[in-house]
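Beneath this line is the structure, given in structure tokens, with notes to follow.
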Amino acid sequence: MRQSHQLPLLGLLLFSLIPRQLCEICEVSKNNYTDLNPLINTMINSKYTKGIQAANVLLSLRLGGILNQCQEQQLIQQVKLTVYYKASTLTSGQLALAILALGACKTPDETSIRYPNLVKNLRNKFKAEIENMGKHNGNPLTNYYQLSLDVLALCLFRGKFSITQVAKIFEPENKNFYFKGQFSVDTGAMAVLALTCVKNITNGKKKTDMENLNNINNHIKSLIEKILSQKKENGLLGNIYSTGEAMQALFVSSDYYNESKWDCQQTLDTVIMEIHKGAFRIPTAAAQILPALMGKTYLNVNKDSPCVYGPGDFNISTVEPITATPPLSPSQIQVNYSVVIIKETHSTTVSVANGSVFLDVMEAAQKENATLFGFTVEERSWGPYITSVQGLTANNNNRTFWELLNNGQPLDQGVGSYIVHEGDNLEVRWSTY
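Residue numbers for the sequence shown, in mature numbering (1 follows the signal peptide of the UniProt record, and there is no 0): -23 to -1, 1 to 410.
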């Protein structure tokens, strides 16, 4: 385990992890900060920036030093109320994210935040995740993305955890790094950040620690190789929504890959182009891409470091992302919709308003026939999430979920953000991962 005398140096150690050359190449210059305004305005003005969903936004904007103190306090209050009064309902990853957001930096009039209690609660939730893996064929209560957040927060906030256990469960070939056979880039990236933190507080004097350190180094190297293997021709890493956290992982691991393997400026240029196309309409999506664009990572979290406030380089208003003017189209469109459960398919055609999202189609079908098309939904950080259809509920222990498709292709947007079009063939399919 870690020695306490190392922990006060944590901020300096973690800062030293970020290769300055890479950050300078990838960081948006102050002259181009206007390119980031759509992201910032999405985070601050969206109806989804509330409750625990505000944690992602608070963390991102604090790392960027963008908020003024009034805006910061409003977000802090939302996160604190949720954490203190609804702690039992939060998943481990949600609590970890809240701790990272609240402790990202120190405010001038620091109000009482009971970090030891929060961290103890997180440790118990993390323990429950591990116990569930032992009972249910290696499946956590949530997923490895959240487990990585857990380890990162425990590491940064002096929580207790077993380094040997972390080295064991984050073996890169573990099934939990894969989704339907495909390596999950954002999960791998978050694991790299967590393992990097653990690596740098490991006491290398003991033989067991050296063995763990070697395993962790090998895990980071392998995960980075897998992330880079998912690099697209346009520079995106995985997809547009996993790219931000993948960039963070690459920032802190330059020793594990050759510079020629990643053209970071190309990635930056593609992301900026996607911002102006309106790709980041959901606060969580905007929050996850912003830190990397400003040369920051979650390893910059330091509750003892003074907060930096907005220098006035950003225009925080209700500016909408720049999008092409759509052609005139009918006010109503026809969309095909199906529910597929193994070999059983139920289909219908519904009429919805032009500009509707996937969820609107599901609601229209449910009104038509609640038995065949009835569903339940809950709000998550990425917006509405389908939890059941026809009474059949997704279950992490069985690795089951409701998959969204259009014309037979899986979607990388959620049910509340994917805009449908005339003649689309939408489908919710009972699937395993």
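C-beta: ideal position from N, C-alpha, C; glycine also.
Since the structure is predicted, the reported quantities are computational estimates derived from the model, not experimental observations.
| Item | Value |
| --- | --- |
| Buried or exposed by the 16-neighbour rule on C-beta atoms within 10 Å, applied to tyrosine 62 | exposed |
| DSSP bridge partner residues for proline 387 (one or two, in chain order) | Leu382 |
| Residue span of the beta strand (DSSP E) that contains threonine 364, given as start and end | 360 to 366 |
| Rounded distance between the beta-carbons of valine 316 and residue 413, thought under 8 Å | An answer regarding residue 413 cannot be provided, because it is not within the stretch -23 to 410 covered by the chain. |
| Collapsed DSSP secondary structure at lysine 145 in the structure displayed | helix |
| Inter-residue spacing [alpha-carbon to alpha-carbon] between valine 397 and glycine 255 | 15 Å |
| Where phenylalanine 134 falls: helix, strand or coil (DSSP) | coil |
| Tyrosine 62 in three-state terms, based on DSSP | helix |
| Selected residue, minimal CA-CA separation from aspartate 86, among Leu205, Ser230, Gln46 | Gln46 |
| Cβ-based burial, arginine 91 [other Cβ within 10 Å; buried from 16] | exposed |
| Inter-residue Cα distance where the pair is aspartate 127 and serine 89 | 22 Å |
| Residue closest to lysine 176, alpha-carbon to alpha-carbon, out of Lys157, Gln159, Gly158, Lys198 | Lys198 |
| Beta-ladder partner(s) of leucine 35, from DSSP | Per DSSP, none; premise fails for leucine 35. |
| Reference glutamine 30, options Ile76, Gln311, Leu403, closest by Cα | Ile76 |
| Three or more C-beta pairs below 8 Å linking the stretch 219 to 233 and the stretch 154 to 167 | yes |
| Whole-angstrom distance between serine 23 and proline 260, CA atom to CA atom | 7 Å |
| Rounded Cβ spacing between isoleucine 318 and glutamine 367 (contact assumed at less than 8 Å) | 7 Å |
| Per DSSP, cross-strand counterpart(s) of lysine 83 | Pro283 |
| Euclidean distance between Cα positions of aspartate 240 and leucine 13 | 21 Å |
| Beta-carbon contacts of serine 206 that lie in its chain and below 7 Å, excluding the five residues immediately before and after | none |
| Own chain residues within Cβ distance below 6 Å of threonine 244, not counting five before or after | Gly212 |
| Glutamine 225, enclosing beta strand (DSSP E) - first and last residue | Unbroken run through glutamine 225 is the alpha helix (DSSP H), 220 to 228; no beta strand (DSSP E). |
| Backbone secondary structure at arginine 100 - three-state DSSP | helix |
| Euclidean distance between Cα positions of proline 149 and glutamine 142 | 14 Å |
| Pair within 7 Å by beta-carbon distance, alanine 78 and valine 56 | yes |
| Identity of the residue in Val392, Ile21, Asp246, Tyr234 nearest isoleucine 201 by Cα | Tyr234 |
| Nearest-angstrom Cα separation, counted from alanine 371 out to threonine 247 | 34 Å |
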